[in-house]
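Numbering (my numbering), first residue to last: 16 to 292. Structure, as structure tokens:
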């Protein structure tokens, strides 16, 4: 019986082998590419990227969390000396009110600067000054001040009692931190009633500090808005020999007795203050 033919040409063994070799070659090339290590980027190419990342991180931290400040004047001696650098917690007052005795940085837009700040002459100088101020290497913005909180909303602040002390709600403050060189006649002020939402602030070196006392004749009797407070200075970081915390002095840490008598609030009432930017 004759064999029936399919009519298809026989497979070419040479064609199959050529195709197999091509596929094998491509597979080997792909494997070589996957196994090949990337050549590391030269340092001079990495440096600009690293600097940019550092600047972005510094700006984020400075804007939302912590900012370094340079102390330009003697107004907070002996607690702070000229050229000290402090870190300021910018987040804390979003969750609670300032406490008496805390050292705060605030924006005194209506206050005269204590130390003249030379304004830069061009854009490059302005950028450099802003950057150095932001990281605490140069003087702060001409409207940034650092003082200690003495009077809280509702307090009546005055000086002096028969021993030359500041009183809050007729009770004298014990202030071991002040620089004792101011004649009592120059200390006298008040009484001043601190309005709601405002603070009475003073420098520790009362003889040279231009603080709330210097603005006692203005509309708000020298008090500052709480929403102008940038944050709380909590630590000295430079120079190394002076590094240390800035806690509330023990004499003021338990100052509930100084608080004015206020009507009781309903139990469970909680006020959350949002600080305007």
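All C-beta atoms in this analysis are idealised placements derived from N, C-alpha and C, irrespective of residue type, glycine included.
Delimiting residues of the beta strand (DSSP E) encompassing residue i
i, result
"residue 248", "244-253"
"residue 102", "100-104"
"residue 83", "81-85"
"residue 119", "118-122"
Residue i versus the options, residue with shortest Cα-Cα distance
i, options, result
"residue 83", "67, 102, 97", "102"
"residue 124", "191, 159, 98, 184", "159"
"residue 266", "87, 243, 37, 192", "192"
"residue 294", "43, 242, 198, 263", "Residue 294 cannot be examined here, being either before or after the span of the chain that is shown, 16 to 292."
"residue 122", "61, 161, 93, 170", "161"
"residue 203", "244, 190, 172", "172"
"residue 94", "109, 117, 108", "117"
"residue 186", "174, 197, 195, 196", "174"
"residue 112", "211, 226, 261, 236", "211"
"residue 256", "61, 57, 99, 208", "99"
"residue 188", "115, 245, 259, 235", "115"
"residue 258", "96, 109, 213", "96"
"residue 88", "198, 225, 184", "225"
"residue 213", "197, 234, 240, 207", "240"
"residue 261", "41, 92, 44", "92"
"residue 90", "253, 196, 234", "196"
"residue 110", "254, 246, 253", "246"
"residue 234", "183, 126, 61", "126"
"residue 184", "254, 201, 207, 198", "207"
Terminal residues of the alpha helix (DSSP H) in which residue i lies
i, result
"residue 95", "Run containing residue 95: none; DSSP gives neither H nor E here."
"residue 267", "265-268"
Rounded Cβ spacing between residue i and residue j (contact assumed at less than 8 Å)
i, j, result
"residue 11", "residue 80", "No information on residue 11 is available, as it lies outside the stretch 16 to 292 that the chain covers here."
"residue 194", "residue 222", "7 Å"
"residue 119", "residue 268", "So it is not a contact: roughly 16 Å between Cβ atoms."
"residue 242", "residue 209", "With a Cβ gap of about 15 Å, residue 242 and residue 209 do not count as contacting."
"residue 108", "residue 244", "6 Å"
8 Å Cβ cutoff, residue i in contact with chain C
i, result
"residue 86", "The chain labelled as chain C is not found in the depicted structure, where only one protein chain is given."
Hey, which unbroken runs of the beta strand (DSSP E) at 3 residues or more fall wholly within the stretch 158-224?
-> Complete beta strand (DSSP E) runs here, min 3: 159-166, 171-174, 181-183, 204-208, 213-217.
Indicate whether the contact test is met: 3 or more Cβ pairs, each with one atom in the stretch 227-235 and one in the stretch 179-186, closer than 8 Å.
-> At 8 Å Cβ cutoff, the stretches do not touch.
Would you call the stretch 162-170 and the stretch 200-219 in contact, with 3 or more CB pairs under 8 Å?
-> A contact exists between the stretch 162-170 and the stretch 200-219.
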